[in-house]
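Down below is the structure, laid out as C-alpha coordinates.
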Amino acid sequence: MPPDSGVGVLDKTSLLFAVLARGPASLRALSEATGLSRATVYRLALALERLRLLSRDAGGRFLLGPRLGELAVESCRDRLLQGAEHELADLRVRTGASARLYRRHGGQRICVATAEGPGTGRPARSAEGVALPMKAGAGAQVLLAWEEPEEITRSIRGAGFGAVTLTRVRQQGWAQSLGVGELGFGAAAVPVRGVAGRVVAALVLDGPITLMSRSPGRRYGGLLIDAAARLGAVLT
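Heads up, the sequence shown stops at 258 in this note's numbering, and the numbers go up one at a time, no gaps.
Structural data, given as C-alpha coordinates:
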(Lines of atoms letter the chains of each structure in order from A and count residues from 1; the text may use other names and numbers.)
(Lines give C-alpha, C1' and ligand atoms only; values in the text may rest on other atoms or scores of the structure.)
Protein backbone atom coordinates (compact mmCIF):
# COMPACT_ATOMS: atom_id res chain seq x y z
CA MET A 1 0.00 0.00 0.00
CA PRO A 2 1.32 3.50 -0.80
CA PRO A 3 1.92 5.84 2.16
CA ASP A 4 -0.78 8.30 3.23
CA SER A 5 -0.28 11.99 2.50
CA GLY A 6 -3.12 13.16 4.71
CA VAL A 7 -4.90 14.61 1.68
CA GLY A 8 -7.82 12.34 0.86
CA VAL A 9 -8.10 12.83 -2.88
CA LEU A 10 -4.35 12.38 -3.35
CA ASP A 11 -4.32 9.20 -1.27
CA LYS A 12 -7.18 7.76 -3.33
CA THR A 13 -5.42 8.67 -6.56
CA SER A 14 -2.24 7.05 -5.25
CA LEU A 15 -4.19 3.85 -4.60
CA LEU A 16 -5.41 3.81 -8.20
CA PHE A 17 -1.89 4.34 -9.53
CA ALA A 18 -0.55 1.53 -7.32
CA VAL A 19 -3.07 -0.91 -8.79
CA LEU A 20 -2.61 0.23 -12.39
CA ALA A 21 1.17 0.00 -12.09
CA ARG A 22 0.60 -3.77 -12.22
CA GLY A 23 -1.37 -3.51 -15.47
CA PRO A 24 -4.76 -2.46 -16.91
CA ALA A 25 -7.82 -2.89 -14.67
CA SER A 26 -11.58 -2.53 -15.02
CA LEU A 27 -13.70 -0.22 -12.88
CA ARG A 28 -14.82 -3.21 -10.83
CA ALA A 29 -11.26 -4.47 -10.33
CA LEU A 30 -10.09 -1.02 -9.24
CA SER A 31 -12.91 -0.74 -6.75
CA GLU A 32 -12.22 -4.18 -5.28
CA ALA A 33 -8.44 -3.68 -5.10
CA THR A 34 -8.58 -0.23 -3.48
CA GLY A 35 -11.67 -0.59 -1.31
CA LEU A 36 -13.10 2.57 -2.85
CA SER A 37 -16.66 2.71 -4.12
CA ARG A 38 -17.23 2.36 -7.85
CA ALA A 39 -18.66 5.88 -7.96
CA THR A 40 -15.51 7.30 -6.37
CA VAL A 41 -13.21 5.31 -8.65
CA TYR A 42 -15.20 6.34 -11.72
CA ARG A 43 -15.16 10.03 -10.78
CA LEU A 44 -11.40 10.03 -10.09
CA ALA A 45 -10.59 7.94 -13.16
CA LEU A 46 -12.51 10.25 -15.49
CA ALA A 47 -10.76 13.31 -14.06
CA LEU A 48 -7.35 11.63 -14.40
CA GLU A 49 -8.21 10.58 -17.94
CA ARG A 50 -8.95 14.18 -18.89
CA LEU A 51 -5.50 15.09 -17.56
CA ARG A 52 -3.98 12.23 -19.61
CA LEU A 53 -2.75 10.63 -16.39
CA LEU A 54 -4.96 7.62 -17.16
CA SER A 55 -6.21 6.22 -20.45
CA ARG A 56 -8.15 3.15 -21.58
CA ASP A 57 -7.38 0.11 -23.66
CA ALA A 58 -9.54 -1.33 -26.43
CA GLY A 59 -11.57 -3.25 -23.86
CA GLY A 60 -12.36 -0.15 -21.83
CA ARG A 61 -10.02 -1.00 -18.96
CA PHE A 62 -8.11 1.82 -17.32
CA LEU A 63 -4.32 2.03 -17.57
CA LEU A 64 -1.59 4.53 -16.81
CA GLY A 65 -1.76 7.43 -19.24
CA PRO A 66 0.76 8.99 -21.63
CA ARG A 67 1.32 12.03 -19.44
CA LEU A 68 3.02 9.83 -16.84
CA GLY A 69 5.44 8.64 -19.49
CA GLU A 70 6.20 12.21 -20.47
CA LEU A 71 6.76 13.17 -16.83
CA ALA A 72 8.98 10.14 -16.33
CA VAL A 73 11.20 11.29 -19.18
CA GLU A 74 11.60 14.72 -17.60
CA SER A 75 12.21 13.37 -14.10
CA CYS A 76 14.78 10.86 -15.30
CA ARG A 77 17.34 13.33 -16.62
CA ASP A 78 19.91 11.74 -14.36
CA ARG A 79 23.40 10.30 -14.73
CA LEU A 80 22.14 7.32 -16.69
CA LEU A 81 20.39 9.49 -19.27
CA GLN A 82 23.32 11.84 -19.56
CA GLY A 83 25.52 8.87 -20.43
CA ALA A 84 22.84 7.38 -22.65
CA GLU A 85 22.83 10.36 -25.00
CA HIS A 86 26.38 9.59 -26.13
CA GLU A 87 25.99 5.79 -26.19
CA LEU A 88 22.73 5.85 -28.15
CA ALA A 89 24.17 8.25 -30.71
CA ASP A 90 27.27 6.05 -31.06
CA LEU A 91 25.16 2.92 -31.58
CA ARG A 92 23.11 4.71 -34.22
CA VAL A 93 26.22 5.78 -36.12
CA ARG A 94 27.86 2.34 -35.91
CA THR A 95 24.80 0.31 -36.92
CA GLY A 96 22.40 2.60 -38.79
CA ALA A 97 19.63 1.32 -36.50
CA SER A 98 17.62 3.17 -33.84
CA ALA A 99 18.92 2.93 -30.28
CA ARG A 100 16.62 3.34 -27.27
CA LEU A 101 16.64 3.16 -23.50
CA TYR A 102 13.62 1.79 -21.64
CA ARG A 103 12.75 1.77 -17.96
CA ARG A 104 10.09 -0.35 -16.34
CA HIS A 105 7.13 1.25 -14.61
CA GLY A 106 4.90 -1.49 -13.24
CA GLY A 107 3.24 -3.28 -16.13
CA GLN A 108 4.71 -0.92 -18.71
CA ARG A 109 8.08 0.04 -20.12
CA ILE A 110 8.73 3.66 -20.92
CA CYS A 111 11.11 4.90 -23.59
CA VAL A 112 13.20 7.48 -21.74
CA ALA A 113 15.80 8.19 -24.44
CA THR A 114 16.15 7.49 -28.14
CA ALA A 115 18.44 8.07 -31.12
CA GLU A 116 16.52 7.42 -34.33
CA GLY A 117 18.39 5.67 -37.10
CA PRO A 118 18.40 7.37 -40.51
CA GLY A 119 15.47 6.18 -42.56
CA THR A 120 14.54 3.25 -40.31
CA GLY A 121 10.89 4.32 -40.37
CA ARG A 122 10.11 3.00 -36.90
CA PRO A 123 6.55 3.93 -35.86
CA ALA A 124 5.81 6.66 -33.33
CA ARG A 125 4.96 4.00 -30.71
CA SER A 126 8.69 3.84 -29.97
CA ALA A 127 9.16 7.59 -29.49
CA GLU A 128 10.58 9.09 -26.31
CA GLY A 129 8.01 9.18 -23.52
CA VAL A 130 5.81 6.44 -24.98
CA ALA A 131 4.72 3.67 -22.59
CA LEU A 132 4.47 0.13 -23.98
CA PRO A 133 3.14 -3.03 -22.31
CA MET A 134 5.51 -5.55 -20.77
CA LYS A 135 3.91 -8.36 -22.76
CA ALA A 136 6.02 -8.40 -25.92
CA GLY A 137 9.33 -7.30 -27.36
CA ALA A 138 13.02 -7.71 -26.61
CA GLY A 139 13.04 -4.78 -24.19
CA ALA A 140 10.26 -6.30 -22.09
CA GLN A 141 12.06 -9.65 -21.98
CA VAL A 142 15.24 -8.04 -20.66
CA LEU A 143 13.40 -6.01 -18.02
CA LEU A 144 11.64 -9.16 -16.73
CA ALA A 145 14.30 -11.85 -17.10
CA TRP A 146 16.15 -11.05 -13.86
CA GLU A 147 13.09 -10.42 -11.69
CA GLU A 148 12.12 -12.71 -8.81
CA PRO A 149 10.45 -15.99 -9.91
CA GLU A 150 7.09 -14.96 -8.47
CA GLU A 151 7.16 -11.69 -10.40
CA ILE A 152 8.11 -13.48 -13.60
CA THR A 153 5.26 -15.96 -13.20
CA ARG A 154 2.77 -13.15 -12.69
CA SER A 155 4.10 -10.94 -15.47
CA ILE A 156 4.26 -13.54 -18.26
CA ARG A 157 0.54 -14.31 -18.03
CA GLY A 158 -0.83 -13.29 -21.42
CA ALA A 159 2.62 -12.35 -22.70
CA GLY A 160 4.02 -13.26 -26.09
CA PHE A 161 6.93 -15.06 -24.42
CA GLY A 162 7.28 -17.48 -21.53
CA ALA A 163 9.64 -18.65 -18.80
CA VAL A 164 11.73 -20.70 -21.24
CA THR A 165 12.44 -17.59 -23.31
CA LEU A 166 13.45 -15.61 -20.22
CA THR A 167 15.77 -18.42 -19.11
CA ARG A 168 17.46 -18.23 -22.49
CA VAL A 169 17.75 -14.44 -22.15
CA ARG A 170 19.56 -14.86 -18.82
CA GLN A 171 21.91 -17.43 -20.34
CA GLN A 172 22.72 -15.36 -23.44
CA GLY A 173 22.73 -11.95 -21.79
CA TRP A 174 20.54 -10.54 -24.56
CA ALA A 175 17.03 -10.80 -26.00
CA GLN A 176 15.69 -10.44 -29.51
CA SER A 177 12.32 -10.09 -31.20
CA LEU A 178 11.01 -10.01 -34.76
CA GLY A 179 7.85 -8.35 -36.03
CA VAL A 180 6.72 -7.05 -32.63
CA GLY A 181 4.74 -3.83 -33.01
CA GLU A 182 5.51 -3.56 -36.72
CA LEU A 183 5.98 -6.26 -39.34
CA GLY A 184 9.38 -6.27 -40.93
CA PHE A 185 11.19 -4.90 -37.88
CA GLY A 186 13.60 -6.63 -35.54
CA ALA A 187 15.12 -5.69 -32.18
CA ALA A 188 17.88 -6.73 -29.82
CA ALA A 189 18.09 -5.73 -26.16
CA VAL A 190 20.43 -6.09 -23.18
CA PRO A 191 20.12 -5.11 -19.51
CA VAL A 192 21.72 -2.02 -18.02
CA ARG A 193 22.76 -2.77 -14.44
CA GLY A 194 23.10 -0.40 -11.52
CA VAL A 195 24.15 -0.87 -7.90
CA ALA A 196 24.49 -4.53 -6.82
CA GLY A 197 23.92 -5.65 -10.40
CA ARG A 198 20.24 -4.73 -10.36
CA VAL A 199 18.67 -4.29 -13.80
CA VAL A 200 17.60 -0.65 -14.05
CA ALA A 201 16.97 -0.28 -17.78
CA ALA A 202 16.93 -2.03 -21.14
CA LEU A 203 19.19 -0.88 -23.97
CA VAL A 204 17.47 -1.66 -27.27
CA LEU A 205 18.55 -1.54 -30.90
CA ASP A 206 15.82 -1.82 -33.53
CA GLY A 207 15.29 -1.36 -37.24
CA PRO A 208 14.15 -3.12 -40.42
CA ILE A 209 14.99 -6.82 -40.58
CA THR A 210 17.00 -6.05 -43.71
CA LEU A 211 19.32 -4.11 -41.41
CA MET A 212 18.98 -6.07 -38.17
CA SER A 213 18.97 -9.56 -39.80
CA ARG A 214 16.74 -12.37 -38.58
CA SER A 215 19.09 -12.90 -35.62
CA PRO A 216 19.53 -9.35 -34.29
CA GLY A 217 20.68 -10.57 -30.88
CA ARG A 218 23.55 -12.58 -32.31
CA ARG A 219 24.49 -9.79 -34.68
CA TYR A 220 24.45 -6.89 -32.22
CA GLY A 221 24.39 -8.49 -28.75
CA GLY A 222 28.10 -8.00 -28.10
CA LEU A 223 28.03 -4.37 -29.18
CA LEU A 224 25.02 -3.69 -26.95
CA ILE A 225 26.55 -5.48 -23.95
CA ASP A 226 29.66 -3.29 -24.16
CA ALA A 227 27.57 -0.11 -24.39
CA ALA A 228 25.37 -1.21 -21.47
CA ALA A 229 28.45 -1.88 -19.35
CA ARG A 230 29.67 1.67 -19.94
CA LEU A 231 26.24 3.03 -19.03
CA GLY A 232 26.11 0.96 -15.87
CA ALA A 233 29.56 2.14 -14.83
CA VAL A 234 28.26 5.67 -14.26
CA LEU A 235 25.79 4.33 -11.68
CA THR A 236 28.21 2.44 -9.44
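All C-beta atoms, glycine included, are put in the ideal place defined by N, C-alpha and C.
None of these values were measured; they are calculated from a predicted model.
Backbone secondary structure at residue i - three-state DSSP
i	result
A249	helix
S199	strand
P46	coil
L233	helix
V31	helix
V256	coil
G244	helix
G57	coil
E204	coil
E150	coil
G182	coil
G239	helix
G91	helix
Residues sharing a beta bridge with residue i, DSSP
i	result
P127	One point to set straight first is that residue 127 is His, not Pro, in the sequence displayed. Q130.
L122	It should be pointed out that residue 122 corresponds to Arg in this sequence rather than to Leu. DSSP lists T136, V226 as partners of R122.
L86	L76
P155	Q130
V221	R215
Residue i versus residue j - alpha carbon distance
i	j	result
Q104	A40	29 angstroms
L38	Q198	33 angstroms
A113	V152	It is worth fixing the name first, because residue 113 is Leu in this sequence and not Ala. If you take the alpha carbons of L113 and V152, they lie about 21 angstroms apart.
Q194	E150	27 angstroms
L265	A61	With the chain represented from 23 up to 258, any question about residue 265 goes unanswered, as that position is not in the structure.
L75	L86	6 angstroms
L123	P88	17 angstroms
L32	G239	44 angstroms
G81	E71	15 angstroms
L49	L73	18 angstroms
E54	V29	21 angstroms
G219	D248	15 angstroms
A47	D79	9 angstroms
V115	P171	38 angstroms
A106	A121	10 angstroms
R190	G161	14 angstroms
6 angstroms CB neighbourhood of residue i in its chain, flanking five on each side removed
i	result
A158	G182, V202
G111	It should be noted that the sequence gives Ala, not Gly, for residue 111. Only A137 meet the Cβ criterion.
R236	none
L154	R131
A211	A160, G161, V164, A197, A224, V226
Residue i - containing alpha helix (DSSP H), residue span
i	result
R78	Counting along the chain, R78 falls outside any alpha helix (DSSP H), though it belongs to the beta strand (DSSP E) covering 76–78.
R116	101–117
R72	60–72
G208	It is not in any alpha helix (DSSP H) - G208 instead sits in the beta strand (DSSP E) that spans 207–215.
E172	171–177
A167	160–167
A185	185–194
Neighbourhood of residue i by C-beta, 7 angstroms cutoff - its chain only, sequence neighbours within 5 removed
i	result
P213	V164, W168, V221, A224, A250
L188	Q163, L166, A167, I174
R44	G128, G129
G184	I178
S27	D33
F84	L42, P46, A47, L52, A67, L76, R78
I231	L200, G206, F207, G208
E109	A249, R252, L253
Nonlocal neighbours in the same chain, by C-beta distance under 8 angstroms from residue i, ignoring five residues either side
i	result
S177	G129, M156, L166, E169
T258	G216, V217
R101	V256, L257
K34	T56, L58, T62, L66
T117	G139, L227, G229, L233, Y242, L245
Y64	L49
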